[in-house]
Each structure stands twice: as structure tokens, then as C-alpha cells.
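Everything on this sheet refers to the single structure shown next.
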Amino acid sequence: MKIGIIAHNDHPIFEPFQGGLEMFTSLLVNELVKRDYEVYTLCNRGSQLSGEMVFYTELDQNLNDDPVDSELNKFGEFYSSINTFLAINFDVIHNHSISHHAIVLGSVIDIPFVTSFHCPIFDNIYVAINAIKNRPNQIFTTVSNHLKVDFQKHLLNVRTVYNGIDLNAWEIYAPKEDYFSWCGRICKEKGLMEIMDLCHVNNLNLKIAGPISDRSYFEEFITPRLEKYDHCEYLGHLNQKQVNQLYAQSKAFLFSSIWQEPYGMVIAEALASGTPVIANDIGAASEIITDDCGILFDINKPETFVRAIAGLNTLDRVNCRERAENFCSHLRMVDAYEQIYIEIASEK
15 MKIGIIAHND HPIFEPFQGG LEMFTSLLVN ELVKRDYEVY TLCNRGSQLS GEMVFYTELD
75 QNLNDDPVDS ELNKFGEFYS SINTFLAINF DVIHNHSISH HAIVLGSVID IPFVTSFHCP
135 IFDNIYVAIN AIKNRPNQIF TTVSNHLKVD FQKHLLNVRT VYNGIDLNAW EIYAPKEDYF
195 SWCGRICKEK GLMEIMDLCH VNNLNLKIAG PISDRSYFEE FITPRLEKYD HCEYLGHLNQ
255 KQVNQLYAQS KAFLFSSIWQ EPYGMVIAEA LASGTPVIAN DIGAASEIIT DDCGILFDIN
315 KPETFVRAIA GLNTLDRVNC RERAENFCSH LRMVDAYEQI YIEIASEK
């Protein structure tokens, strides 16, 4: 089977990954190639993936910097790229690009097509799914049941395929230090400012890692707290091995997202490291965490955070790893997508 993967074009795909979507795409593509599928990925130049890669076109059209011209340029780049991509005779195409152009494309081409939603219904996605709702002509998946509920208001037959991680890449280490860990893209919606304040008030040591995706947010809200809060330390953008050690040697991982998190790859990573998770109860966190591997709290109610920290001694690190093995494996995820590919390819 010849499979085309449409990756998003915000960042090249290589480690250390900029975010969960890059890591997910890498795991999916590399595992499909291991299973002897012929895989082509439409991605940014500089990506490091198994199989074949087709790179997004970068057009120099001498357009101005205003929003209209910027959108026109993205339009031209996407369709220039997709024309090259579609010249390959695919059996199935799987879209992860969160591009409204790609969503509409899937309903007008005569190739079995899957679109996986990794984010909430942003405005561009809303426009796209309403444009095709009378003739969707493709399979849709979401990465959690929480996310599926929103998309089912607009589309029929949406399926859930949970994200996964490579469990072999995550080891359990004996905790060595009295600190809590935090990792993720540093931007407003990840709630880093709020969790730093909670740790400061409760005299908890917090070690922070992740790429700075919103520089102005970091400089306005995070830098002053790092200077003021002796218990908080920023380690930078770490590679996977370093993040594994950060998680595994901490007392617990703090998940502080304040938006409707579609999945939460960092939760899966922490559990695979044998680390209990203290998570803001939002988005899909409650679908990943069970009572024997983590505790949920309300980030707007400080007393619930205090109770969650106090309850850590009831959690067993072995249970954390077992939850990851039973629920968070990327092999389980690829199995599910593989069955969808076989189903829609055979129907055609």
C-alpha cells in the first residue's frame, strides 16, 4: 500500500520536536515504514523521517506583509506543494496538517482520505468542515473523546484514535531530587505562569523545560517569575533523553494547560517515565489519567492543588508505567490507523 501523509507546515519534523504533533507524525511515519508500507510525507524541508519526503514549496511572490497577502502566499504554497504530492499514485492519504485547504481537498479528490484532528475547531477548520458537511467523502478521527464531542456537532461518524508514544524510548529512573517537573511549549495556553505561582506559594521546587513558542509571553510573564521565584528553574529546550530524566527523577509531573487540551502527550511521556501526574482537570486529561497514576485539580482553586500534592503518597510509580503501557503506546495507535487504511482502501 502506498500511503501519503500530509504533515503541517509550521516546523520541520526532527528531534527535539517543537511540539506533540511533530513527534506524533514522526512516530506514525517511521512505524508505517517499518511495517513495509510505501510512505511519502509532505513536510517542511529539514525534516528527518523514514520513507520518502516531498517538501512544501516556498514561493517568492514579492507580496506585502499585510494579512491578506500573507494568506494568499500560503494558498499558493499549499497548492503548488499539493500538486506535486498528488502526482504520486496513493492508495490512501492521511492528513494531519490542520489546514482548511487540506480538509476541503479530501472531499474533492478521488483517493481514500483520512483527516485527523489534533486541535479544537479553530475558525479555519470550522469554515472547512461546514463547506464539506453535505459531502464529506472522507474519514475523520480525533485524538480524544473530549475532542470528538465537539466535532460530532458538525460531522457524522467521527472516530477516536488516541495518540501514542514510543514506550521503548522512556525509562524509569529512581527519583533523586525534591522537585516537580513541567514540560511543554511555553505559551499562554499551557498555564506555566499559573503553575509557577502555585509552586511559589507552596514552596515547591519546579524545573521547567520546553521550547519558547511565544517570546513576548515568556519575556513578560515567565522571565520576571524566574528572577523572583528561587524555587523555579528553566532548563531550556531539552532532547528526549534529558526530558525523560527530568520527568523520572521528579516527585511528580505538573500538567497545567488552561485551554481544552485535545490530548496531552506530555502526560503520556511522564507516565511512561514512571512519574505520577498532577493535572489541571481540563480537556482530555481525565481520559489518560486514572486514580492510581495521577490526581486532577482545578487550577483556579488553589486548595485543590494543595490536596493533590498531599495525595501523592497514595500513588505507585509502577502503576504509572503500567497505565502508559496499556493506554499510551504508539503501536496501539498505528494499529488503529492501519485498520482504517485497509478499510477505506478495500472499499475503493
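Each residue of the sequence shown is one higher than the last, beginning at 15 in this note's numbering. From the three backbone atoms N, C-alpha and C, an ideal C-beta is built for every residue, glycine too.
- Counting along the chain, the unbroken alpha helix (DSSP H) around residue 323 starts and ends at 316-324.
- Looking from the CA of residue 279, the closest CA among 64, 155, 264, 297 belongs to 297.
- Remark: C-beta atoms of residue 313 and residue 205 approach each other more closely than 8 angstroms.
- For the segment 180-250, the full-length beta strand (DSSP E) segments reaching 3 residues or more read 194-197, 220-223, 246-248 along the chain.
- Residue 164 and residue 150 have their alpha carbons spaced roughly 17 angstroms apart.
- In this model, residue 129 and residue 155 are separated by some 6 angstroms (Cα to Cα).
- Excluding the 5 residues flanking it on each side, residue 287 has same chain C-beta neighbours closer than 6 angstroms at 184, 258, 261, 262, in chain order.
- In its chain, beyond the 5 residues on either side, 30, 225 have a beta carbon closer than 6 angstroms to the beta carbon of residue 251.
- Bridge partners of residue 133 according to DSSP: none are assigned.
- For residue 114, DSSP assigns no beta-bridge partner whatsoever.
- In this structure residue 43 is buried. Its beta-carbon is surrounded by 16 or more other beta-carbon atoms within 10 angstroms.
- Note: residue 67 is bridge-paired with 55 in the DSSP secondary-structure output.
- Around the CB of residue 335, 16 or more other CB atoms lie within 10 Å, so the residue is classed as buried.
- In the three-state reduction of the DSSP assignment, residue 255 falls in the helix class.
- Annotated three-state conformation of residue 167 is coil, per DSSP.
- Inter-segment contact for the segment 325-332 and the segment 351-361 is absent: fewer than three beta-carbon pairs are separated by less than 8 angstroms.
- Residue burial is scored here from C-beta neighbours: residue 356 has fewer than 16 other C-beta atoms within 10 angstroms and is therefore classed as exposed.
- Residue state for residue 157 is assigned as coil, using DSSP reduced to three classes.
- Bounds of the beta strand (DSSP E) holding residue 293 are 291-294.
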